[in-house]
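Following my numbering, the numbering of the sequence shown begins with 1 at its first residue and continues without gaps. This report refers to the structure that appears directly beneath it.
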Amino acid sequence: MRELPVSDQDHELWWMILHLRRAMHKIRARELYEYGITPEEAAVLFVVQTTGERATPAEIARLLLREPHSVSALVSRMQAAGLVRKVKDLERRNLVRVALTEKGRRAYKQSTRREVVHRVMSCLSPQEREHLKKLLQKLCQQTFKELGLRQKPPFLCAR
């Protein structure tokens, strides 16, 4: 491979990461389709399961780095599909919480199988995975710094 100037190498890496993300998203979408959910729905189910009773559309949006209005629309579609339910907060009447339904819990459990994730990652040794994790954490921290985000989602850029 020819030597590229640093700026071209950065751009090449940038595009590799973007294309890899798109390809990974597509194969994960295929896997989740078997369970009747999308990757976006699986992400919401994960956040609601992880945060429990604290889950609000705004908190889900913050943790997924999405716009609040797009998460609200997604949660509404998920409610119509029977995956989640919106619950009014008893203490703060203007606040809506998101809870998993039984169907949502089953979909979440199925989504944790992640067979395609394991197949893709199987090409890396444990040492390579650890090294990649450290590199991605560095990129993640710099990206959050560029975005001006003080508080990072707990399951991203974890150390």
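For each residue, glycine too, the CB sits at the ideal point set by N, CA and C. Computed from a prediction, not measured in an experiment: that's the story for all the values here.
- Contact between A80 and P68 is ruled out by a C-beta separation of about 19 Å, above the 8 Å threshold.
- Separation of N94 and K88 (C-alpha to C-alpha, rounded to the nearest whole angstrom) is 7 Å.
- Going by C-alpha positions, H19 is about 15 Å away from L136.
- When DSSP reads this structure, R114 sits in no beta bridge, so it has no partner.
- When the beta-carbon positions are compared, A42 and S125 stay at least 8 Å from each other.
- Under the three-state reduction of DSSP output, A55 falls in the coil class, being neither helix nor strand.
- Residue state for R119 is assigned as helix, using DSSP reduced to three classes.
- When the beta-carbon positions are compared, L45 and P39 stay at least 8 Å from each other.
- The residue from T143, I60, M16 with its alpha-carbon nearest to that of A99 is I60.
- Look at R150 here: in three-state DSSP terms it is coil, with no helix or strand label.
- Checking the DSSP bridge columns, you'll see L100 partnered with V84.
- Taking all protein chains in view, the Cβ of T56 is crowded by 16 or more other Cβ atoms within 10 Å, so the residue is classified as buried.
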